[in-house]
Amino acid sequence: MKKFVSRLLNLELLSEVEIQDICNKVSEILISEPNVPNKKTPVIVCGDIHGQFFDLVSLFRIDGIPSGKRYVFLGDYVDRGKNSLECILFLFLLKILYPENVTLIRGNHEQSTINRVYGFYEEIIEKYGNPRIWRMINEVFNLMCVGCLVDGRILCVHGGISPKIMSLNQMRRLDRLLPIGEGSEFADILWGDPYEGKGFQPSPRGSGYLYGEDVVIRFLELNGLTSIVRSHQLVIEGYKFHFPERNVITVWSAPNYMGKCGNPASILRINETLDVSDKDFCIFKSTPQKKEFLERLEGFDL
């Protein structure tokens, strides 16, 4: 698997047979995991990546590779950026190499109905001339986790919570292998956003719900949690604490999003205290140029 990583880092296209082999191996690992695994601190949490491969690799230059660190990724690995395929294959390979230290949560763009439209499908057609690789990777997406706990006290999800799910046990019982239908509990988790109102309101995105601090507090109390860490929304500062209680935290890991937003990105380090503050975020900027990216790879060793 390490030879495939080296080739990706050199921006080489892998063959369809090689990608099928990677998908088969990572599928065996993902299907064996629960809906909501629990990871011990310290943990590094990463938000949306959106096909920004150079920035994804640069992210690991901050805290090191997963051989000795635990990483939780919050989803949205593909679409928007130019290198969705490289991003997802790189993460699949890290999951194969370090299965206990890499957690891949599903995002709303890890759905074929979404990534058929927002760039991933077109990228595969441009690179390979047919959609077979797009289909096989979407089959892997169907196996990804719903969420992840950190020390049993912090819930990591892609978007948020659902009015239909108020307990972690309900989340654990979801059949994540079923298609994600609009209005389903899983869809709510993928598409939700915090807002300043109260209760739940249908999201203007067309799927999921806006959720207020009152229902967040209720959910946290019912499940013995301290906070929710999520992504799903661009935040210009790279991260954001929501609500007076700062109990919902957005982590965004795609700097200069879509090559035009100029935003920094962040990763979140959660330590044994579970008290998340501004000092626990590491801010980083984009690596936009191929030449600069290849220069930074010097010394990058799995």
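Per our numbering, residue 1 is the first one in the sequence shown, and the count goes up by one each step.
Quick reminder that beta carbons are idealized off the backbone N, C-alpha and C, glycines included.
As the structure is a prediction and not an experimental result, all values here were calculated from the model.
8 Å Cβ cutoff met for residue i and residue j
i, j, result
"Cys87", "Ile267", "no"
"Leu85", "Lys127", "yes"
"Phe284", "Phe54", "no"
"Leu89", "Leu13", "no"
"Tyr121", "Trp134", "yes"
"Arg269", "His158", "no"
"Cys156", "Ile105", "yes"
"Ile49", "Lys69", "no"
With 16 other Cβ atoms within 10 Å as the buried cut-off, status of residue i
i, result
"Val72", "buried"
"Gln52", "buried"
"Ser287", "Looking at the sequence shown, residue 287 is not Ser but Thr. It is buried - the Cβ of Thr287 has at least 16 other Cβ atoms within 10 Å."
"Ile62", "exposed"
"Glu100", "exposed"
"Leu56", "buried"
"Lys95", "buried"
"Thr273", "exposed"
"Pro66", "buried"
"Leu74", "buried"
"Ile189", "buried"
"Ile124", "buried"
"Gly238", "buried"
"Leu178", "exposed"
"Gly64", "exposed"
"Leu11", "exposed"
"Asn83", "buried"
"Ile236", "exposed"
"Gly262", "exposed"
"Ser277", "exposed"
Cβ of residue i within 8 Å of any chain B Cβ
i, result
"Asn142", "Annotation note: the requested chain B is absent from the structure, which comprises a single protein chain."
Residues near residue i in its chain [Cβ-Cβ closer than 6 Å; skip 5 each side]
i, result
"Leu210", "Asp193, Tyr195, Gln201 and Ser203"
"Asn271", "Thr41 and Pro42"
"Cys282", "Ile62 and Ile267"
"Gly152", "Asn38"
"Gly206", "none"
"Lys279", "none"
Among the options, the one whose alpha carbon lies nearest that of residue i
i, options, result
"Asp275", "Asn256, Ile228 and Gly238", "Ile228"
"Val140", "Leu91, Leu97 and Glu182", "Leu91"
"Glu182", "Cys145, Ile114 and Asp214", "Ile114"
"Ser184", "Val146, Glu213 and Ile154", "Val146"
"Ile217", "Val235, Asn247 and Gly68", "Asn247"
"Leu149", "Asn130, Met136, Met171 and Arg205", "Met171"
"Lys260", "Ile154, Ser58, Arg80 and Leu168", "Arg80"
"Asp21", "Leu59, Ser6, Tyr77 and Leu93", "Leu93"
"Leu103", "Asn263, Arg116 and Tyr77", "A small fix is needed here, since residue 103 is Thr in this sequence, not Leu. Taking only the C-alpha atoms, the option nearest Thr103 is Tyr77."
"Val5", "Lys164, Leu97, Gly129 and Gly197", "Leu97"
Own chain partners of residue i with C-beta closer than 7 Å, once the 5 adjacent residues on each side are dropped
i, result
"Gly199", "Gly212, Asp214 and Val215"
"Gln233", "Asp193 and Thr250"
Neighbourhood of residue i by C-beta distance below 8 Å, restricted to the same chain and skipping five residues each side
i, result
"Thr226", "Arg153, Ile154, Leu220, Asn247 and Leu274"
"Arg132", "Glu16"
Exercise. Is it true that the segment 19-39 meets the segment 234-244, where meeting means three or more beta-carbon pairs spaced less than 8 Å apart?
Worked result: Short answer: they don't touch.
Exercise. With contact counted as at least three CB pairs below 8 Å, one residue from each stretch, are the segment 22-33 and the segment 249-258 in contact?
Worked result: Short answer: they don't touch.
Exercise. Is the segment 14-21 close to the segment 218-227, with three or more CB pairs under 8 Å?
Worked result: In short, these stretches do not touch, since the Cβ pair count stays below three.
Exercise. Is it a yes or a no for the segment 132-152 touching the segment 104-111, going by three-plus beta-carbon pairs under 8 Å?
Worked result: Yes, the segment 132-152 is in contact with the segment 104-111.
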